[in-house]
Structure formats: structure tokens, C-alpha cells
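Trainee: Residues -21 to -1, 1 to 135 (mature numbering (1 follows the signal peptide of the UniProt record, and there is no 0)) are what the sequence shown spells out, left to right. We put the beta carbon where it would ideally sit given N, CA and C, even for glycine. This structure is a prediction, so every number in the text was calculated from the model and none was measured.
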Amino acid sequence: MPSFINIFCITLLTVCCRLEAKYVPGVSYIDNVVLYYNNVSGIWTCDRRTYPSGTFGCQIWRLNTPNIANELMCTNVCFDSDRNIKGLILTYTQTMLNPKTVYVFVESYAGAKSVWTSDYSLSLQSINGTIAPGDWPEVQEIVRANMKDVDESSGQ
Ligand SMILES: *[C@@H]1O[C@H](CO)[C@@H](O)[C@H](O)[C@H]1NC(C)=O
Ligand SMILES: *[C@@H]1O[C@H](CO)[C@@H](O)[C@H](O)[C@H]1NC(C)=O
């Protein structure tokens, strides 16, 4: 009889652990951001905006809207080789399901060397730096993998 109870308890424990270990991916605020430079046409795609040939580079920003906990301000802008802002700036907002501190600043230009940092916790996501356009998909993957590690080790 005691050993039966034991097995029952172990089974219960296993079920609980399985439920807890189920991974629900957190939202990465760069997963859906396109950064692409066509080195033949010279055309840039930076998040939601396309910039014509002759554009030197672009910046992608995502920052919390002051005083609106669940809203991000997203900005796309391009610049010339002197870092002067050129052409139209696009700004739009994005609603977060779970409010957190978000700081995304990505600058890219042809020939850039990727130097960036990122941080992630249950209350924060940041990505900050210069990224060569060809490296963007890899950056997104690294950030996603890091998020998964943090989420899993904190029992998410
Ligand atoms: C353009 O990009 C392709 C890959 O996307 C690369 O193989 C090629 O070397 C690049 N050309 C120049 C001039 O940078
Ligand atoms: C982003 O990176 C730049 C350059 O390293 C640094 O000066 C700046 O303080 C960083 N911003 C944040 C919010 O970490």
C-alpha cells in the first residue's frame, strides 16, 4: 500500500513538472522587423519602410511610449553618409500584450561591422547597436535563443 501511494505521488509530480515546463514563447520585439539591403538595386527595407538606391543606411527604433504602459513607439528613418536624416520618417505605434520595458535601437549601413548588445528578462527587452544588413536574420535567431533560455530557466 505505501509503495502504491508513492508511485501515485511521483506520477502527480511528473504531471506537474510537465505542465510547468511547457514553453510559451515570449514576444520578441524584433522578430517581425525586416532589415534587408539589396546590394544590386541599392534599395533598403527597414522595418515598414523602403528606401531608394542612394540611401546610405537606416535606423530602427522601438521605445516605450511615455505614460502608456502597453504601447511602443516604432520609428524608421534613413540617413546619408554624414549621418544626416534624409527623407520621410515613419512613426507608428504597437500594442504590447504584456507591458515591459523595450529599448530597440538598430543602425545599419552597407559595409557596417556588427557590434551590438541585447538584454532580456521578464520585464525588459533591449537590443542596441550597429548591425550589418546581412547579419540581421542571425541576430534575430540569437536573440530568440537567448529569450528561450531565460524563459525556461525562470520556469516560464
Ligand atoms: C551582394 O550580396 C550577395 C549575397 O547576398 C553577395 O554574395 C555578394 O558578394 C554581394 N555583392 C557585393 C558587391 O557586395
Ligand atoms: C546603446 O549603445 C551606445 C553605443 O555603445 C551607448 O552609447 C548607449 O548608451 C546605449 N544605449 C542604451 C540605452 O543602452
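1. Under 7 angstroms: does the beta carbon of residue 107 sit that close to some heavy atom of ligand 2?
2. At 3 residues or longer, what runs of the beta strand (DSSP E) sit wholly inside the stretch 10 to 87?
3. According to DSSP, simplified to helix, strand and coil, what is residue 6?
4. Closest by CA to residue 18, which one among 4, 9, 94 and 35?
5. Give me, in chain order, the residues of the same chain whose beta-carbon lies closer than 7 angstroms to that of residue 100; leave out the 5 immediate sequence neighbours on both sides.
6. How about the stretch 91 to 98 and the stretch 56 to 64: do they share at least three Cβ pairs that are nearer than 8 angstroms?
7. Beta carbon of residue 84: closer than 7 angstroms to some heavy atom of ligand 2?
8. Determine the direct distance from the alpha carbon of residue 112 to that of residue 88, and round the result to whole angstroms.
9. DSSP three-state label for residue 105, please.
10. Taking the continuous alpha helix (DSSP H) assigned at residue 98, which residues delimit it?
11. Taking the alpha-carbon of residue 42 as reference, which of 126, 85 and 29 has the nearest alpha-carbon?
Mentor: In terms of the structure at hand:
1. yes
2. 14 to 16, 23 to 25, 28 to 30, 36 to 43, 50 to 58 and 64 to 74
3. coil
4. 35
5. 129
6. no
7. yes
8. 7 angstroms
9. Looking at residue 105 - three-state DSSP - the assignment turns out to be strand.
10. It is not in any alpha helix (DSSP H) - residue 98 instead sits in the beta strand (DSSP E) that spans 94 to 100.
11. Closest option to residue 42, judged by alpha-carbon separation, among 126, 85 and 29: 85.
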